[in-house]
Every structure is written in C-alpha cells, then in structure tokens.
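Notes follow once the structure below has been shown.
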Amino acid sequence: MSLVEKQSFDDVALRVSEAHASDYIALLKPRVMSLVVFTAFVGLVTAQAPINPFIACFAIIAIAVGAGASGALNMWYDADIDAVMSRTHKRPVPAGRVLPGEALVFGLVLSGFSVLALGLIANWLAAGLLAFTIFFYAVIYTMWLKRWTPQNIVIGGAAGAFPPMVGWAAATGDISLYSVLQFMIIFLWTPPHFWALALFKSGDYERAGVPMMPNVAGEASTKRQIFAYAVLVAITGVLPTLAGYAGYSYGILAAALGAGFVWYSWKVLLMPESDRGMKPAKALFGYSLLYLFAIFTALLADSILADFGVAW
Amino acid sequence: MVTAVGNDRIELTDKQKKARRNRSVALGVALAAFVVVVYIVTIVKMGPNVFSRPF
Chain A
77 MSLVEKQSFD
87 DVALRVSEAH
97 ASDYIALLKP
107 RVMSLVVFTA
117 FVGLVTAQAP
127 INPFIACFAI
137 IAIAVGAGAS
147 GALNMWYDAD
157 IDAVMSRTHK
167 RPVPAGRVLP
177 GEALVFGLVL
187 SGFSVLALGL
197 IANWLAAGLL
207 AFTIFFYAVI
217 YTMWLKRWTP
227 QNIVIGGAAG
237 AFPPMVGWAA
247 ATGDISLYSV
257 LQFMIIFLWT
267 PPHFWALALF
277 KSGDYERAGV
287 PMMPNVAGEA
297 STKRQIFAYA
307 VLVAITGVLP
317 TLAGYAGYSY
327 GILAAALGAG
337 FVWYSWKVLL
347 MPESDRGMKP
357 AKALFGYSLL
367 YLFAIFTALL
377 ADSILADFGV
387 AW
Chain B
465 MVTAVGNDRI
475 ELTDKQKKAR
485 RNRSVALGVA
495 LAAFVVVVYI
505 VTIVKMGPNV
515 FSRPF
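Residue numbers (the numbering used here), protein chains in the order written: chain A, 77 to 388; chain B, 465 to 519.
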C-alpha cells in the first residue's frame with residue numbers, strides 16, 4: 077500500500093493534456109492555409125484540364141493539410157522564437173497548451189498522410205512537389221535559413237509559392253511555364269510583404285534573434301529592396317498576358333494592381349527613419365495581402381471566362 | 465496538474481475531462497471524414513469496375 081494516498085504531480089511525464097482541438101487547428105496556421113488553398117485552387121483551375129470535381133476537391137484538401145503540417149513542424153521548431161515575439165507568443169506550443177513533441181508528431185503524421193493521399197488521389201508528381209514544399213518550409217526555411225541569413229524569406233518564400241504549381245500538377249500531371257509564372261508572382265511578392273511587416277515589428281525579430289533585413293541591413297536598405305521587389309512583382313504580374321496565357325482584361329487589371337504595389341512601396345521608400353508609427357509600411361503590408369488575393373482572383377476569373385468564350 | 469488517487473488511478477480535473485472530450489469528438493469527426501474521402505475516391509477512381517473483381 078502506498079504511503080501517500082493522494083498526491084499532486086507536476087511531472088511532465090504525468091501531464092494530462094488540456095489542449096483543445098482548436099489548439100491543434102492553430103498549429104496548422106489556418107490563415108496561411110487559406111492562402112495556400114486559394115492559390116492551389118487557382119493553379120488547378122487555370123490548368124484547364126478535365127478533372128473530376130471530387131478529385132479536385134480532395135486534392136486541394138490534401139494540399140491544405142500538407143501546408144498545415146509544415147506549419148505544425150514550423151511551430152515545433154520555432155517555439156523558442158515564438159515565445160519572445162508579441163505576434164506569436166500565444167501560439168499553442170509556447171503557451172504550453174501543446175507539448176513540442178506532440179506538435180512534431182502531429183506535423184510528421186499529417187505530412188505523411190497528405191503526401192500519400194495526394195499521390196493516390198491525383199498523381200505522384202503533385203505529391204512529390206507537395207513533399208518538397210513541406211521539406212523546403214520545415215527544413216530549408218525553418219531550420220536553416222530563418223536563423224542564419226536576412227535572405228531567409230527571399231529563398232524561403234519559394235515554399236509559399238509552390239501551391240499553385242502543386243494544384244496545376246494535380247490537374248495535369250506536369251509543370252508548365254504558366255504555373256511557373258504563378259509561382260514567380262508569389263515568390264517575388266513574399267520579400268516586400270514580409271519586410272513591410274519586419275519594418276514595424278523589427279523589435280520583435282531583434283529580441284528573438286531572427287536576422288530579418290531591417291535588423292541586419294538597416295531600414296534604408298530594406299526600403300530600397302522592398303521597392304525593387306515591388307517593381308519586379310508588378311512586371312511579373314502582367315507576364316501571363318504577355319506570354320499569351322491570360323487575356324488583356326487580366327493584363328490591364330494586373331498592371332493597375334502592380335502600379336498600386338509600386339506606389340505603396342514608394343511611400344515606404346520615402347518614409348523618414350524618425351517615423352515610428354510606420355503607417356506606410358503597415359499600409360503596404362495590408363495592400364500586399366489584397367494584391368495577392370486580387371491578382372489570383374483575376375487569374376481565376378480570366379480562366380473561367382475563357383471557358384465560356386467571353387475572355388478578352 | 466493531475467491528481468493521483470491510490471497506486472494506479474488518476475483523477476482528471478474537469479478542465480482536462482472537457483479538453484479530452486473535445487479532442488475525442490474532433491478526432492472522431494476527422495476519422496469519419498477520412499473514411500468518406502477514401503470511399504468517394506475509390507468509387508470515382510474505379511467507377512463501375514469497383515464491382516467487377518474475381519471472388
């Protein structure tokens with residue numbers, strides 16, 4: 077018989093989880109996932125390949141789960157960084173609601189399931205691209221680039237840019253220049269988007285020891301680079317029309333949206349260093365989200381209208 | 465924190481019980497959805513051939 081009939085334990089080994097399902101959903105980064113779902117859907121539809129609607133729907137779900145899995149792996153590895161940043165300290169792992177090991181297993185299991193499912197549902201090229209995307213985000217970006225170089229989100233941005241290519245590959249079983257252009261739009265959009273955020277959250281990144289561009293190269297250099305990338309995004313945005321994949325109406329809209337991107341970046345470039353409110357940087361961050369949503373909606377609309385023969 | 469009663473029993477707090485039930489329901493829903501996905505994909509992929517197999 078035990079000498080102690082009733083005893084309290086704080087031992088981790090005896091910890092009983094108080095995590096809710098919502099904490100595990102939070103590990104999947106639902107907001108990032110929604111962007112992945114949307115861009116993958118656009119890639120799949122613009123491929124204009126005959127695909128069963130159920131297969132298309134489940135392929136998108138598999139891509140979304142794969143993206144979520146990479147988010148969980150990111151939260152497992154980055155819990156120490158997330159804990160000291162105001163934007164991320166309430167995430168399930170740093171807040172203590174989910175143990176790091178639980179997040180790791182959750183991410184690994186979902187990674188395996190999503191890749192396998194996409195291979196069986198669509199094809200193995202799409203599954204391979206999804207596997208590479210997860211690897212690129214979790215290993216190349218999270219474990220290697222993020223803490224090493226201010227070019228972290230320039231190179232790492234490729235992970236967020238792959239979904240339309242995965243969607244395209246799920247529909248067609250191949251890769252085309254058009255899907256690469258969709259990749260390029262997101263790839264070039266990522267640096268100005270995150271550097272705008274890093275400008276007004278530079279204290280956060282500095283505390284966490286993450287070498288974001290404003291902390292390493294300074295604000296002036298970051299602003300110049302934001303402007304340069306904004307120009308590249310604006311040019312790349314109209315390439316689908318110039319390459320003959322999208323109509324003129326898309327091209328005109330993409331040019332207008334790109335001009336807006338350059339204009340907001342110009343305002344950031346002119347922002348004085350003494351401006352701590354950084355309204356132009358916040359405005360660019362907000363506009364960049366609108367830009368990506370609008371440009372991919374325009375690509376989607378162009379493709380659907382072309383199906384009905386009314387595209388121009 | 466958990467409370468151990470006796471040698472091999474652990475008494476969960478109300479918060480832990482509620483969280484466990486919440487996770488169990490979510491897991492059940494996810495598994496049911498997975499079964500439906502596998503069923504539909506099988507039918508779509510195999511079509512009428514799903515019924516024509518040697519016994």
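Beta carbons are placed, not taken as given, at the ideal position from N, Cα and C, and that holds for glycine.
Owing to the predicted nature of the structure, the values given are computational and were not obtained by experimental measurement.
At 8 angstroms on the CB atoms, spell out the chain A contacts of residue i, in chain order.
i, result
"L476(B)", "V92"
"N513(B)", "Simply none; closest approach about 15 angstroms."
Span of the alpha helix (DSSP H) holding residue i?
i, result
"I137(A)", "P129 to Y153"
"L346(A)", "L346(A) -> no alpha helix (DSSP H), and no H or E assigned at all."
"P126(A)", "Run containing P126(A): none; DSSP gives neither H nor E here."
"G353(A)", "Taken as a continuous stretch (DSSP letters only), G353(A) belongs to no alpha helix (DSSP H), as it is neither H nor E."
"Y254(A)", "L253 to F276"
"T317(A)", "E295 to L318"
"V185(A)", "P176 to I197"
Specify, as a first and last residue, the run of the beta strand (DSSP E) that residue i falls within.
i, result
"I474(B)", "R473 to E475"
Which of the three DSSP states is assigned to residue i in this structure?
i, result
"V338(A)", "helix"
"D383(A)", "helix"
"L104(A)", "coil"
"V80(A)", "In this prediction, V80(A) scores a pLDDT of 46, lower than 50, which makes its location untrustworthy; no coordinate-derived value is stated."
"P170(A)", "coil"
"V501(B)", "helix"
"N513(B)", "helix"
"F85(A)", "Low per-residue confidence applies at F85(A): pLDDT is 46, beneath 50, and the placement is therefore not dependable, though the value from the model is reported in the following sentence. Strand, per DSSP."
"Q227(A)", "coil"
Residues of chain A with CB closer than 9 angstroms to the CB of residue i, please, in chain order.
i, result
"V505(B)", "F130, I131, F134, A193, L196 and I197"
"A496(B)", "By Cβ distance, chain A contributes nothing, its closest Cβ being about 14 angstroms from A496(B), past 9 angstroms."
Would residue i pass as a contact of residue j if the rule is Cβ separation under 8 angstroms?
i, j, result
"T258(A)", "P287(A)", "Looking at the sequence shown, residue 258(A) is not Thr but Gln. Cβ atoms of Q258(A) and P287(A): not closer than 8 angstroms."
"L111(A)", "A135(A)", "no"
"F276(A)", "K166(A)", "no"
"A247(A)", "A140(A)", "no"
"T209(A)", "F238(A)", "yes"
"S379(A)", "T164(A)", "no"
"K222(A)", "G233(A)", "no"
"V338(A)", "A310(A)", "yes"
"S190(A)", "G142(A)", "yes"
"H269(A)", "S341(A)", "no"
"L192(A)", "L264(A)", "no"
"G334(A)", "G313(A)", "yes"
"F186(A)", "A148(A)", "Residue identity differs from the one stated: residue 186(A) is Leu in this sequence, not Phe. Contact: yes."
Can you pull the chain B neighbours of residue i, defined as C-beta to C-beta under 9 angstroms?
i, result
"H165(A)", "Correct list: empty, because the minimum Cβ distance to chain B is about 21 angstroms."
"S96(A)", "The question names Ser, but residue 96(A) is His in the sequence shown. Within chain B, the residues near H96(A) are K482, A483, N486, R487 and A490."
At 7 angstroms on the CB atoms, spell out the chain A contacts of residue i, in chain order.
i, result
"V508(B)", "N128, F130 and I131"
"V501(B)", "F134"
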